[in-house]
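Residue numbers (the numbering used here), protein chains in the order written: chain A, 1 to 197; chain B, 1001 to 1197. Glycine residues also receive a C-beta, built at the ideal position from the N, C-alpha and C atoms. These numbers were taken from a predicted model, which means no experiment stands behind them.
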DNA sequence: AAAATGAAATTATTGCCAAATATTTCATTT
DNA sequence: AAATGAAATATTTGGCAATAATTTCATTTT
């Protein structure tokens, strides 16, 4: 008798980017191992591995913990729930972007990349009038951006640059600071390589 | 008597990104060695090395040849001639972007990155109404983009995606094709990693 | 029976070294 | 003074072993 393939309650592998893939991506973003993360969740490494490979469903409770741990909205894991299957992993519609970050006031960031497993991530940032980042610690990444509208002051390598719509920038491993000196929101497309959220 | 530093007609190393750095970047983009390029210019490898390190000035004639060889506009090398020194290599002003490419009709591409030596390059593309790329051969790169305005049909992995303002995409190593199905120009910010022009 | 564990087996990553390529230097030639 | 070309240096590439991470799966727990 031929052995039949193992069956699971839900085939989570049908969508191009599953919850497990997302967990794996954000875990690696923070440099944790399966064992590290499993420990935080009081689960075994084996279980964690299965979850990330879509062979096992994490509980909503687990997902919550993971989201909180990495400061991602829980909804991140469901962002492409209702996207057509063949768009998943490739296209992100304006209406279904994930909002990132800790809700720092004066800044709204939306993920334009379908997932975080690529070589770079694309973010749409909207800076409120007067908003100021203060010093942002240097990261081992390369950052670039394009100002779609509004004004943005950007300090890099100790030098202030006054940017306006149509201007762009790119820099590496620098402490930086931004501020919206205008009275309108500033809209910027921001690129980070490798992804570092 | 202390030996004084060597002097050259022009100190090309003052600007953060010199002509030599540009030549080096675009040469590597195409995977050529110093010897390869030198040969094409009927020069020695040593001379080529000196030019790229700003210890030697290439003639305008040489620059022309290089530009033609790589299909860059000659003006590329002078794009930040009149930018403040401390902006060079970091900021690109709307007014002083370089136009890239071979002037393929229906497509205008401008380089938003200060130079081509980073991990990714940012390009602003404007697609004319009705313009169609036809099949673009796969490259060993990762591509992403954000539609600022207009409409763009994008074929990736054999599937057509109809994008409009606010939508974004990201894909890897794929043959693709784009087309502007609308009656207005489509403006897209395009990211390529690593740079591959 | 289904879910989870934990230890063994497998796979992936890292550090090192040698070989091959590529680049720089510099004494000499044009 | 500019350019060359060969020697010196530096960088990249490809194994290979050691370490770390992940997957598998027989067993235990719920």
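Scanning 78/A, 143/A, 88/A for the CA closest to the CA of residue 1112/B turns up 143/A. Annotation for residue 168/A: the continuous beta strand (DSSP E) segment containing it runs 168-172. Here the alpha carbons of residue 1164/B and residue 92/A stand approximately 11 Å from one another. For the stretch 170-187 of chain A, the set of positions with a beta-carbon nearer than 8 Å to some beta-carbon of chain B reads 170, 171, 172 in chain order.
Spatial neighbours of residue 1168/B in its own chain (CB-CB distance under 8 Å, excluding positions within 5 residues in sequence) are listed in chain order as 1144, 1145, 1146, 1147.
Interface with chain B (8 Å Cβ-Cβ cutoff): residue 109/A is excluded.
Under the three-pair Cβ rule at 8 Å, the stretch 1118-1125 of chain B counts as touching the stretch 1179-1191 of chain B. Proximity of residue 1197/B to chain A, defined by a Cβ-Cβ separation below 8 Å, is not satisfied. Scanning its chain for C-beta atoms nearer than 8 Å, with the 5 sequence neighbours on each side dropped, one finds around residue 1064/B the residues 1074, in chain order. Within chain A, the C-beta atoms nearer than 7 Å to that of residue 1114/B come from 170, in chain order. Taking a C-beta distance under 8 Å as the contact criterion, residue 137/A and residue 90/A do not qualify as a contact pair. Sequence-distant Cβ neighbours of residue 1115/B in its own chain, meaning closer than 8 Å and more than five residues away, are 1017, 1021, 1022, 1025, 1089.
Note on geometry: alpha-carbon atoms of residue 1072/B and residue 1098/B lie some 9 Å from one another. Residue environment: residue 1060/B is assigned as exposed (fewer than 16 neighbouring CB atoms within 10 Å of its CB, all protein chains considered). Counting only residues of its own chain and dropping the five nearest sequence neighbours on each side, residue 141/A has a CB closer than 7 Å to the CB of 192, 193, 194, 196. Under the Cβ distance rule, residue 1193/B counts among the residues neighbouring chain A, one pair being separated by less than 8 Å. Exclusion of the five residues before and after residue 1156/B leaves 1171, 1174, 1176 as the residues of its chain whose Cβ lies within less than 6 Å of its Cβ. In chain order, 40 place their CB closer than 7 Å to the CB of residue 69/A, counting only its own chain and leaving out the 5 sequence neighbours on each side. Any Cβ of chain B closer than 8 Å to the Cβ of residue 52/A would place that residue at the interface, and such an atom is absent. Listed in chain order, the positions of the stretch 1072-1101 of chain B with a beta carbon within less than 7 Å of a beta carbon of chain A are 1086, 1087, 1090, 1091, 1092, 1093, 1094. Residue 1083/B places its beta carbon 8 Å or farther from that of residue 1076/B. Assignment of alpha helix (DSSP H) within the stretch 1091-1122 of chain B, counting only whole runs of 4 or more residues, yields no such run.
One thing to note: residue 1154/B has its Cβ no nearer than 8 Å to the Cβ of residue 1182/B.
Taking residue 1045/B as the centre and dropping the five residues before and after it, the same chain places the C-beta of 1034, 1035, 1038 closer than 6 Å to its C-beta, in chain order.
Restricting attention to 1080/B, 1184/B, 1180/B, the CA atom closest to the CA of residue 1134/B is found in 1180/B.
Judged by beta-carbon spacing, residue 1127/B lies beyond the 8 Å limit of residue 1085/B, meaning their Cβ atoms are not closer than that value. Linking residue 1106/B to residue 158/A through their CA atoms gives a straight-line distance of about 41 Å. According to the DSSP assignment, residue 1188/B belongs to the beta strand (DSSP E) that extends over 1186-1193.
Residues of the stretch 119-134 of chain A whose Cβ lies closer than 9 Å to any Cβ of chain B, in chain order: 119, 120, 121, 122, 124.
Put simply, of 19/A, 81/A, 102/A the residue whose alpha carbon is nearest the alpha carbon of residue 57/A is 19/A. If one requires a minimum length of 3 residues, no beta strand (DSSP E) run lies completely within the stretch 16-48 of chain A. Between residue 109/A and residue 101/A the beta-carbon gap is near 5 Å, inside 8 Å, which marks them as a contact. According to the DSSP assignment, residue 1135/B belongs to no beta strand (DSSP E), since it is labelled neither H nor E.
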